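Visitor:
Numbering (the numbering used here), first residue to last: 65 to 167.
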């Protein structure tokens, strides 16, 4: 499952129609299907959906401690644009973005 949010009032850096930025907020792949390319396919579909609607950037967040997801997102062209540490001392979240169109 993948979902794309077009406006995120809690953090407009993540999704805001005025900047044509959408937020990839949910990506779930069942354990038995991980490592088979389904996440990459789901992200590519979400990106195509966004492009067709004039979205210029897609953002997402994941745990800084993630050993699998951050390398996947980097391979797909995402870069970290801000980091947030959690108050209780955990690693925090990596906020990542991919530019779909410079126009």
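Glycine included, every Cβ here is placed at the ideal spot set by N, Cα and C.
Computed from a prediction, not measured in an experiment: that's the story for all the values here.
Write down the C-beta distance between residue 69 and residue 106 rounded to the nearest angstrom, noting that I regard them as a contact closer than 8 Å.
Guide: Wrong, their Cβ atoms sit about 15 Å apart, outside the cutoff.
Visitor: Who are the near neighbours of residue 163 in its chain, counting only those whose CB is closer than 6 Å to its CB and skipping five residues on each side?
Guide: Excluding residues within five positions, the ones whose Cβ falls inside 6 Å are 121.
Visitor: Leaving out five residues before and five after residue 71 in sequence, what residues of the same chain have Cβ atoms less than 8 Å from its Cβ?
Guide: For residue 71, where only same-chain residues beyond five positions count, the Cβ hits under 8 Å are 79, 80, 81.
Visitor: What's the gap between the Cα of residue 143 and the Cα of residue 96?
Guide: If I take the Cα positions, the gap works out to 28 Å.
Visitor: Among residues of its own chain, excluding the 5 on either side of residue 124, which ones have a beta-carbon nearer than 6 Å to its beta-carbon?
Guide: Counting only Cβ-Cβ distances below 6 Å, and skipping sequence neighbours, we find 88, 160.
Visitor: Helix, strand or coil, according to DSSP, for residue 144 in the structure here?
Guide: In the structure shown, residue 144 sits in a strand (DSSP, three-state: E or B).
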